[in-house]
Structures are given as C-alpha cells and as structure tokens.
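First the structure, in the form of structure tokens, and then the observations on it.
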Amino acid sequence: MNQQGTVLDTVSDLGPSRRAKFTRRVLPFIIMAVLLIVIPMLGPSRTALSLLNAIGINIVFALSFNILLGQTGLLSFGHAVYFGLGGYTAMHAMNWIEYADGGFWGSYPMFALPLVGFAGGAFAGALIGWPSCRRAGIPFSMISLGIAELVAATGLIFVSFFGGEEGITGDRMNGVEMFGLNLGQVHQVYWFIAFWTFVGTVAMYAFTRTPLGRLTQAVRDNPQRVEFVGYDPQQVRYLAFIASGGFAGLAGGMSAVNYEIFTPEALSLAPSGLVILMAYIGGIRYFAGPILGAILLTYMQTNLSDFSEAWLLYLGLLFIAMVLFAPGGLAGVVIDVTNRLGKPGAVQQFVKGLVAVATGMIAFFGVVILIEIAVRLTNGHGEVFQPFGIGLPSTSLMSWAIGVCLVAIGVFGLKFTTKQVGER
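Read in order, the letters of the sequence shown are residues 27 to 450 in this note's numbering.
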C-alpha cells in the first residue's frame, strides 16, 4: 500500500505544478480580459475600434479553423462555408427579431445572436461533415474544396436565402437589450465583440482540454493507434468538424451584428484562404498561434492596402518566409526565444538573433524597393517611390541596382548569421 502511494506521488510529481497550471492556463485569459476592458479607457478612435472589432471576429474564426488543422490534422479549403452559413442564419434571425410581434424572437436579445450563428454553423458542419470526414489527408482537402465551390455557387442561385449578389441586410438596434447595450454606436459594438471573442476563445481552449480534444490530437498523430485502443477516428474527426463549424458560425454571427450585412462573398475561397494564412503564420501547433496570426493579417488587410497596391504580394512573401524559416509560426518564435532566456550563452544568442533579424530586414527592404518600383513601372503613371524621402524612379537603373544590392547583402548576411546561431 505504501509502495502504491509512493508510485502515485511520483507520477503526480511528473505533471505541472499548480503554479505552472495557473501560469499557462489561467493567467493568459486574465491578461486577455484585462486588455479587453482597458482598451476602451485609452480613448481609441472609431477607426481603431472598427479594426479591433474585425480582429476579434477573425480571432474566433482562425481558432475555429485550427480545431481542424492544428488539433485534428484536417486541412480544409472551405472553412468559410461554415462562417458564412452561420452568418446568414444570424442575419435571418436579426430580421425575425426586427419584425417579430412577441413570441420567442420578439424577446430574443440581439446581443445573443452569435449563438444562432453557432447553431447554424454546427448544423452545417453536421450535414457536410458526415460524408467529408469519411476521408482524411488529401481526399478530405479536395472534398472541402469541392464543397466550398458548390456552396459559393448556390449563394448566387438561391436568392431567397442568400439574397443574391446584394446579400441580406438587417438592423442590429432591435430586440431586447442586454447589459444596457443597444449596439447602436461602434463603442457598444466593441463590448459585444470583446465579450464573444473572450467567450469563444475560452470555450475553444476548454474544448482542447476535454477527452475529445485530446483524442483529436491523437487522431492527428496516429489514427491507427487510436483505433487500436477502441476509438473510431472517423467519429472523432466528425465531432471535431461539428465543433469547428459551430465556432466558425459563432464568428459569422459576430460579423453579422458588426457589419449588418452578409453577401455570398463570405462563402468564397478568399476568406477560406485567409483563415489558412492566419492559422499557419501564427502557428498551428500552439493555441495562441491563430490569435497572433489573426491580429497581424487583419492589420495588414486593413492598413497595408492603403499604402501599397501589392500588399497581397507581401502577404504571400510573409507566408513563404514563415514556411522556410519559422515553420512553428509566430507563436513558435516567441516560445523558442522565451525558452532560451536564462540559459548559458543566452545573451550572445540573443545578440546574434538580433543581427540575423537586422540582415533579414535589409533583404526585405530591398525586396520592397524592387516590388514598389516594378508596380509603378507597370502602372505607367510616372509615380516615384520615395522611402524615407529618397526618390527612386522606376525608370532609373540606379533604383533597381539599389534594390538588388540590398537583397544580396541581406541574404548573404542572413545566411551567415543564421548559420552562426544554429551552430550555437
């Protein structure tokens, strides 16, 4: 009996301590809640609040996609289908609330509309996931691509539900108020988005801690062993698919309230591709990865397009760079740097890492010069690219030579410094 107790104590000691559990599992959400509460106190502009609302929607959307890719190992090219169908369901519910004369919808609060989107997305996931999850790997990806094209086409055919090219509009200032918010002004919409972003994030993290969430990781790594111990990998994938579709629908419901319009464009391959980039650039093997990716790409999509016509090209280059040099994504880079702190030689390693980043920025700046002068040359408007006030005409050979030299210097320095860091 004593030996058994000793063994149990030894096994319990192998797990993380209570302090470690609090630091890893609870503290990040406390910090997130504090940030969401403090941000409005800083007096952000309407533009900044609109950007924050878009970031919140994309965080939930990216995390829902990562239930498939990062957790279960299923690459879907049509995840916007569940975002869009959940959003359309919420838009119809918004109109039902507006024209309801009592009854259930007459007393339904607009603040809880994302739950309707969750139900719509989960229902779509249950229908589409039943045939889709019979296969994994490349066949699953091809099925998801075909379904995405199919649903996007129906968005222009079934006008009564999708509204045709114009989509469906609604008014969010109806129904019963919750927490004293009528959702009329953008700062009230911020609290709505912040609430559901926090709730959705916590719920999806809780899903990863459930036995089903653990099984999805096992199915991702070794489905044969999961089947050997008595579980059906197909059923695990199907349940994860429903959960993923439900949370994507939750994001769609948030988007419906935020923008008060939904069009068939939300069902297209463009948002499906964007959510893949968010998850992968952020880091699919880390829960916080899609959050970082959603913040970065939403900011690029909103602001970088105002400065350059080739912002999508920069997005593609960023994705390629992450695949080649940081396959763990932004979250992987942050965790790797954090783990190296406090170890012998950490200062020298950190300095060499900064040098590597600096040489990489030199190469990146050279690429920016080449892209921007190429864009201006093809446009033929005679515009001059002026970084830091320095004029670089697109018709001048010196401008092209400067760009090429910066790329060469940066690539050579990056190759040398990364080799030194790797050896260290």
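All C-beta atoms in this analysis are idealised placements derived from N, C-alpha and C, irrespective of residue type, glycine included.
Query raised in the report: Is the Cβ-Cβ distance between G104 and L171 less than 8 Å?
Result: Reading the sequence shown from its first residue, position 78 is the one you call residue 104. Reading the sequence shown from its first residue, position 145 is the one you call residue 171. Result yes, Cβ atoms of G104 and L171 sit closer than 8 Å.
Report task. Quick one: residues in its chain with C-beta nearer than 8 Å to the C-beta of L303, no 5 flanking neighbours on either side, listed in chain order? Result -> Along the sequence shown, read from residue 1 onward, the residue named residue 303 stands at position 277. G319, L323, L341, F345.
Report task. Measure the alpha-carbon distance for G392 versus F254 and round it to whole angstroms. Result -> For the purposes of this step, residue 392 is taken as the residue at position 366 of the sequence shown. For the purposes of this step, residue 254 is taken as the residue at position 228 of the sequence shown. Their Cα atoms are separated by approximately 54 Å.
Query raised in the report: What does a CB cutoff of less than 8 Å around K441 pick up in its chain, not counting 5 residues either side in sequence?
Result: Counting from one through the sequence shown, the residue named residue 441 turns up at place 415. If we look at K441 and ignore the five residues flanking it on each side, it has no Cβ neighbours.
Report task. With DSSP as the reference, please indicate the residues paired to P135 in a beta bridge. Result -> The count along the sequence shown starts at 1 and reaches residue 135 at position 109. DSSP, once it has assigned bridges, lists V202 as partnering P135.
Report task. Could you name the residues that DSSP lists as bridge partners for L207? Result -> The count along the sequence shown starts at 1 and reaches residue 207 at position 181. According to DSSP, which records beta bridges pairwise, L207 is partnered with M204.
Query raised in the report: With respect to 7 Å, is the separation between the Cβ of P259 and the closest non-hydrogen atom of the ligand FMN below this value?
Result: No copy of the ligand FMN occurs in the structure displayed, which carries no ligand at all.
Query raised in the report: Is it true that the CB of F273 sits closer than 8 Å to the CB of G226?
Result: Reading the sequence shown from its first residue, position 200 is the one you call residue 226. Reading the sequence shown from its first residue, position 247 is the one you call residue 273. Yes. Within cutoff.
Query raised in the report: Do I268 and G143 have their C-beta atoms closer together than 8 Å?
Result: In the sequence shown, counting from the first residue as 1, residue 268 sits at position 242. In the sequence shown, counting from the first residue as 1, residue 143 sits at position 117. No, Cβ-Cβ distance for I268 and G143 is not below 8 Å.
Requested in this report: Using the Cα positions of R235 and N284, report the straight-line distance between them to the nearest angstrom.
Outcome: Walking along the sequence shown from the start, residue 235 turns up at place 209. Walking along the sequence shown from the start, residue 284 turns up at place 258. Each residue's Cα considered, the two are about 30 Å apart.
Report task. Compare the Cα-Cα distances from G314 to each of F55, R44, F48, R45 and report the closest residue. Result -> For this step, residue 314 is matched to residue 288 along the sequence shown. Before going on, a small fix: residue 314 reads as Ala here, not Gly. Answer by Cα proximity: F55.
Requested in this report: Check each candidate in A179, Q97, I219, L95 and name the one with the smallest Cα separation from T138.
Outcome: Translated into positions along the sequence shown, residue 138 becomes position 112. For clarity, residue 138 is Ala in the given sequence; the question names Thr instead. Looking at the Cα atoms, I219 is the closest of the given residues.
Query raised in the report: In angstroms, rounded to a whole number, what distance separates the CA positions of G147 and A119?
Result: Here residue 147 refers to the residue found at position 121 of the sequence shown. Here residue 119 refers to the residue found at position 93 of the sequence shown. Roughly 14 Å between the two C-alpha positions.
**Report entry** For S43, the three-state DSSP class (helix, strand or coil)
**Finding:** By 1-based counting over the sequence shown, the position of residue 43 is 17. Correct three-state label for S43: coil.
Requested in this report: Return the chain-ordered list of same chain residues with a C-beta closer than 8 Å to the C-beta of M58, the five sequence neighbours on each side being excluded.
Outcome: Translated into positions along the sequence shown, residue 58 becomes position 32. The answer, listed in chain order, is F224, T227.
Report task. Using DSSP bridges, identify the partner residues of F411. Result -> Position 385 of the sequence shown, counting from 1, holds the residue named residue 411. Answer is L418.
Report task. Measure from the C-beta of I123 to each C-beta in chain C and report whether the shortest distance is under 8 Å. Result -> The structure shown has no chain C; it contains just one protein chain.
Query raised in the report: Hey, out of E398, T421, G275, whose CA is closest to M117's CA?
Result: As a first step, residue 117 is located in the sequence shown; it is residue number 91 there, counting from the start. It is G275.
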